[in-house]
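Note that my numbering gives residue 311 to position 327 of the sequence shown, counting from 1, and the numbers run on in steps of one.
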Amino acid sequence: MGSGLEDRFQTLHEIVRAAKNRLPAGEWDYLMGATETETTLRRNRLALDSIAFRPRVLRDVSKVDATSTFLGRPVRIPVIFAPIGSVESFTPGGGATAAQASADFGVPQMLSSVCNPGLEAVAKAADNFRIFQLYVRGDDAFVDDWVRRAVDNGYAAFAITVDTAAYSRRERDLARRFVKPWRQRATGHDFQSAFSWDHIKRFKDTHRIPLILKGIATAEDAVLACEHGVDVVYVSNHGGRQLDHGRGSADVLPEVVRAVAGRARIIVDGAFQRGTDVVKAIALGADLVGLGRMPCIGLAAAAAPGCVRVMELLEDEIRIALGLLGVARWKELDASYLHHGAPVVAVPRVTSAFPLLDEPGY
-15 MGSGLEDRFQ
-5 TLHEIVRAAK
5 NRLPAGEWDY
15 LMGATETETT
25 LRRNRLALDS
35 IAFRPRVLRD
45 VSKVDATSTF
55 LGRPVRIPVI
65 FAPIGSVESF
75 TPGGGATAAQ
85 ASADFGVPQM
95 LSSVCNPGLE
105 AVAKAADNFR
115 IFQLYVRGDD
125 AFVDDWVRRA
135 VDNGYAAFAI
145 TVDTAAYSRR
155 ERDLARRFVK
165 PWRQRATGHD
175 FQSAFSWDHI
185 KRFKDTHRIP
195 LILKGIATAE
205 DAVLACEHGV
215 DVVYVSNHGG
225 RQLDHGRGSA
235 DVLPEVVRAV
245 AGRARIIVDG
255 AFQRGTDVVK
265 AIALGADLVG
275 LGRMPCIGLA
285 AAAAPGCVRV
295 MELLEDEIRI
305 ALGLLGVARW
315 KELDASYLHH
325 GAPVVAVPRV
335 TSAFPLLDEP
345 GY
């Protein structure tokens, strides 16, 4: 099912601008901001901009196939809607509207446990490939209850976020005195702070649903995840919204891929906003690329069709990049198509992937 917005939005930067014009300043900064100096956010973008391509020519790319699979299921392009809290800030239907876009386009959705209208209602909203993500705010029985509900409602995997042992200081939000309602109501954070590898062992001993750990940022923790039987290692620094002065995700990814050594699937997120970004991630060894801000931008611009239109444009960019690299399908792509290059596109920031935003007349 298409977006029907082909004439209205012909570039991604047009969708970004429409979202910014529609959102109140507090919601925009909540979506675009990061922690303290926002250095990790900038390094996410810098890491991607520092990767150049090594294209090959005279290959048959008359038919480029950008489809993939994940956990045995087909995906139209190798991306997933990353979990974002309070998606209802960007479109009234929140996670349910995102689920509809996920189903319409054919990519997975990872639903955050702090996103309305909640696990069950989102599952009823669309027949999509859905995964549930949990912030641990209770004991083992708390976790078990969420797992049961996820299984009962057709979620294909269960993700636990592991990089939130302490709340970060997101200064854009603080400066505007902008606090999301779920954060005002949050209790039980001590359970997240105390969550350990022993809890991961218990989860794998207790539950059969595939387990994803979101927030892995070193080879050492990737090895531990594999030793504990984790099914998917999710490389993430929370979009720069947790630890300041962290490394860019694209810089972390190669060491994690080497450490995992095929023992688990790999997702990565962190400033992936263009088709070329997705291609770089897959070439580095990721199986799936998490998109956080971009689906929300589409939702803010034009609800579910706007989100689908973001995916359509990304798909076009991916196909073009693969064809110009001399690659007709993902299995032909590897790190030999990449080279370290100076990042000359723009000063890295949250929207530097869209340089026309700063040009008059566009």
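We put the CB at the ideal spot given by N, CA and C, even for glycine.
Option nearest residue i by Cα separation, candidates the options
i	options	result
P8	P101, R313, S320, I281	I281
S46	V0, E211, R313	R313
A140	I196, R277, A159, A109	I196
G223	R43, I68, V135, D111	I68
V200	D300, P238, R161, D111	The sequence shown places Ile at residue 200, rather than the Val named in the question. Per the Cα distances, P238.
T51	V63, R40, L42	V63
L317	A203, L118, W12, G269	G269
G(-12)	A319, M295, A305	M295
D44	E343, L308, R186, E11	L308
D342	V0, M(-15), G(-14)	V0
S96	Y321, A105, H323	A105
G90	L103, L118, P58, S70	P58
H191	V135, T171, S336	V135
P39	A337, S336, F54, L322	L322
I302	F338, A265, F126	A265
L208	R160, Y119, V240	V240
S152	A319, T24, G102	T24
D49	W12, E299, E(-10), S336	E299
Residue i, buried or exposed, once every other Cβ within 10 Å from all chains shown has been counted against 16
i	result
W181	exposed
R334	A small fix is needed here, since residue 334 is Val in this sequence, not Arg. The residue is buried, with at least 16 neighbouring Cβ atoms inside 10 Å.
N100	buried
A178	exposed
V311	buried
N112	buried
V244	buried
E204	exposed
E211	exposed
V131	buried
P344	exposed
Proximity of residue i and residue j at Cβ, strictly below 9 angstroms
i	j	result
A82	A267	no
A80	F65	no
F74	L158	no
L(-4)	L297	yes
T145	K188	no
I184	A143	no
R368	R121	This structure does not reach residue 368, given that the chain is present from -15 up to 346, and the question cannot be answered.
A284	F(-7)	no
A109	G77	yes
D123	F175	yes
G230	I304	no
G274	M94	yes
V262	I61	yes
R364	G10	Outside the shown range of the chain, which is -15 to 346, sits residue 364, and nothing can be said about it.
Residues near residue i by beta carbon distance below 7 angstroms, same chain, minus five either side
i	result
P332	R26, R29, L30, D33
Neighbourhood of residue i by C-beta, 8 angstroms cutoff - its chain only, sequence neighbours within 5 removed
i	result
Y346	H(-3), L340
R186	D124
V214	I184, K188, L195, I196, L197, A248
Residues near residue i in its chain [Cβ-Cβ closer than 6 angstroms; skip 5 each side]
i	result
M278	Q257, V294
G172	R121, G122
E72	G78, N100
A2	A285
E246	The amino acid at residue 246 is misidentified as Glu; the sequence shows Gly. Cβ within range, chain order: n/a, list empty.
Within the chosen definition, does the stretch 28 to 37 reach the stretch 310 to 328 through at least 3 CB pairs nearer than 8 angstroms? yes
Using 8 angstroms as the cut-off, can you tell me whether the stretch 244 to 253 makes contact with the stretch 209 to 226, which would need three or more C-beta pairs spanning the two stretches below that distance? yes
On the three-pair Cβ rule with 8 angstroms, is the stretch 220 to 235 touching the stretch 252 to 263? yes
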